[in-house]
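Please read the structure below before turning to the comments.
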Amino acid sequence: MNNREMLERSLRAVWHPCTQMKHHELLPLVPVARAEGAWLIDFEGNRILDAISSWWVNLLGHGNPRINAAIVRQLQTLEHVMLAGFTHEPVVRLSERLAALAPGRLGHCFYGSDGASAIEIALKMSFHAWRNAGREAKTGFIALENSYHGETLGALSVTDVPLFRDTYAPLLRNCARVPSPDARLAEPGESARDFALRCARALESHLEAHAHQTAALIVEPLVQCAGGMAMHDAEYLRRARELCSRFEVHLIADEIAVGFGRTGTLFACEQAGIAPDFLCLSKGLSGGYLPLSVVMTSDSVYAAFYDDSLARGFLHSHSYTGNALACSAALAVLDILEEDRVIERNRATAAQINKATAPLRDHPQVRNFRNQGMIWAFDAADASPQFARDFFNRAVASGVLLRPLGNTVYWMPPYVLADAEIEFLARSLEQLMQ
Ligand SMILES: *Cc1c(COP(=O)(O)O)cnc(C)c1O
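In the numbering used here, each residue's number is its place in the sequence shown (first place is 1) plus 10.
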């Protein structure tokens, strides 16, 4: 198999996600034969630095020997069994470990296979918990402007990215939108924190009027990733937590993109010192190996379903719920994060990346250079519609996978970049901005 053949066969047989397939008449696909560490390698041996962690899922490098070994070990005993009526060691151990690590007391883990299904689960569970408590009027959800929570119909209802949402609007449920505390939207002279407080007051006014018919507020803690790596002050989360408690509305933290160290702490909520009522995790959960997601919730939500009546139970399911291979990958990820003190080590890596990319901060074409943990972004002055595609193509041609969101260029690399790779990334970014 060579690059050309792979590409032609793929375009005939595979409908690629998030893609206008006709654009591939001009743009080549990138065929990947294998991958190691932070590198993707094509069929002719060309190497591309995966600076976006393969859509934000890969934490510890491709082909990580310890994750590989854990999956192989699991494969020799049990690949999968249905989780309704059955249980197995990897899912029990993973649930116990996550419960010990998550903020607050989120001791009940409900599994799905991808991020969007975790959001569906959290929305349904929140609504159903209120219903079981006799609060049938609580059927509404509040999301932030510019939010992204996935693309199945329920998740898309709480998503506010026009490109993904507008076409399907007639299929979606109405959902309330409150201002995003995106620090870029602060008035001149207004701090990120003051702006966060102003946005929290808007949330408060909304809740004053609508809390009685609202089941939950859903947020992406610290960084709205798909909405253009929009970063906000942790104060917003503290206020949102207080308001949700005061107005009896669940708080759903969607940490699908930001969990597992991405923002500098294991979970982003830790930086606000808060615990949500539902914590949604996926992407990095399995280190980018296998589809797995989980919704973690509290004793009180769990208790709302615990009853003799079948219909008061949470009757949601997915065929691959709690897949043993995926859980074993997740356990290996948690082992590595802990044994190698990865989050601590990331502080040094982040400092080095900041140093190497410092010249970009003053670049005349660069606006709003920002960083949170292991996420960096800036907005290019060139906001033309072709910018993202052109930049992606030029980046791939120069050996780096960077895929801007509109005119926002970002990198969120796996946590394994070596010095030379950091230099390569920084010099590539500079050249691409010339
Ligand atoms: C990616 C993402 C989702 C959806 O996850 P999928 O696995 O792509 O369905 C939901 N929320 C956030 C914040 C995400 O980044």
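Each residue gets a CB set at the ideal place from its N, CA and C atoms; glycine is no exception.
These numbers come from a predicted model, not from an experiment.
For residue i, count neighbouring C-beta atoms within 10 Å of its own C-beta (all shown protein chains included) and say buried if the count is 16 or more, exposed if not.
i      : result
Lys148 : buried
Ile337 : For the record, residue 337 in the displayed sequence is Cys; it is not Ile. Buried, by the Cβ-count rule.
Leu181 : exposed
Arg272 : buried
Lys293 : buried
Asn156 : buried
Asp318 : exposed
Ser310 : exposed
Glu151 : Before going further, note that residue 151 is Phe rather than Glu in the sequence given. By the 10 Å Cβ count, Phe151 comes out buried.
Pro198 : exposed
Pro374 : exposed
Arg183 : exposed
Quick one, which of the options has its alpha-carbon nearest residue i's?
i      : options                        : result
Ala334 : Tyr299, Ile363, Val305         : Tyr299
Val305 : Ala282, Gly269, Gly274         : Gly269
Ala390 : Leu370, Asn417, Phe53          : Asn417
Gln362 : Val426, Arg103, Trp25, Val311  : Val426
Leu435 : Ser394, Pro369, Gln382, Ala393 : Pro369
His98  : Gln84, Leu111, Ala110          : Gln84
Arg115 : Val171, Ala263, Asp287         : Asp287
Met422 : Asn378, His220, Val67          : Val67
Ala61  : Gln396, Pro198, Ile385, Arg183 : Ile385
Ile262 : Pro374, Ala236, Leu154         : Leu154
Leu104 : Pro113, Lys32, Ile58, Cys119   : Cys119
Ser308 : Ala112, Met16, Asn78           : Ala112
Thr331 : Asp350, Ile77, Gly125, Ala45   : Gly125
Since residue i is in the alpha helix (DSSP H), which residue starts that stretch and which ends it?
i      : result
Asp243 : Asp243 -> no alpha helix (DSSP H), and no H or E assigned at all.
Glu280 : Per DSSP, Glu280 belongs to no alpha helix (DSSP H) and is neither H nor E.
Ser64  : 63–66
Ser127 : 125–142
Val229 : Run containing Val229: none in the alpha helix (DSSP H); it sits in the beta strand (DSSP E), 224–229.
Arg83  : 75–85
Could you tell me if the beta carbon of residue i falls within a distance shorter than 7 Å of some heavy atom in ligand 2?
i      : result
Gly125 : The ligand content of the structure shown is limited to ligand 1, which means ligand 2 is not among them.
Could you check the C-alpha separation between residue i and residue j for me, to the nearest Å?
i      : j      : result
Val40  : Ala398 : 16 Å
Cys3   : Ala186 : Because the chain in this structure spans residues 11 to 444, residue 3 falls outside the shown range and cannot be described.
Cys279 : Arg251 : 10 Å
Phe277 : Phe174 : 27 Å
Glu161 : Thr169 : 8 Å
Leu93  : Ile131 : 16 Å
Leu295 : Asp243 : 25 Å
Thr275 : Leu163 : 31 Å
Arg14  : Asn74  : 28 Å
Leu69  : Glu258 : 36 Å
Asn56  : Arg371 : 30 Å
Ser408 : Glu433 : 14 Å
Gly238 : Leu302 : 24 Å
Ala226 : Glu431 : 42 Å
Ser438 : Asp392 : 18 Å
Arg141 : Ala313 : 13 Å
Ser327 : Gly122 : 8 Å
Arg357 : Ala428 : 14 Å
Pro395 : Pro172 : 15 Å
Leu291 : Lys134 : 16 Å
Arg19  : Cys28  : 19 Å
Gly383 : Leu320 : 44 Å
Asn403 : Leu37  : 8 Å
Val406 : Arg413 : 9 Å
Please state the DSSP three-state secondary structure of residue i.
i      : result
Val259 : coil
Gly150 : strand
Trp25  : coil
Leu217 : helix
Gly338 : Here residue 338 turns out to be Ser, not Gly, going by the sequence shown. It is helical.
Asp350 : coil
Cys290 : strand
Ala407 : helix
Ser303 : strand
Gly164 : helix
Arg187 : strand
His33  : helix
Ile432 : helix
Val102 : helix
Ala445 : This structure cannot speak to residue 445, because the chain is shown only from 11 to 444.
Gln234 : strand
Asp318 : coil
Asp176 : helix
Leu111 : helix
Looking at the unbroken beta strand (DSSP E) that takes in residue i, where does it start and where does it end?
i      : result
Phe120 : 118–122
Glu200 : Careful: Glu200 lies outside any beta strand (DSSP E) and carries neither H nor E.
Val376 : 376–382
Leu195 : That residue, Leu195, is in no beta strand (DSSP E); it is neither H nor E in DSSP.
Ala388 : Checking the sequence, you will find Phe at residue 388 rather than Ala. Counting along the chain, the beta strand (DSSP E) containing Phe388 begins and ends at 385–390.
Arg57  : 57–60
Val419 : 418–421
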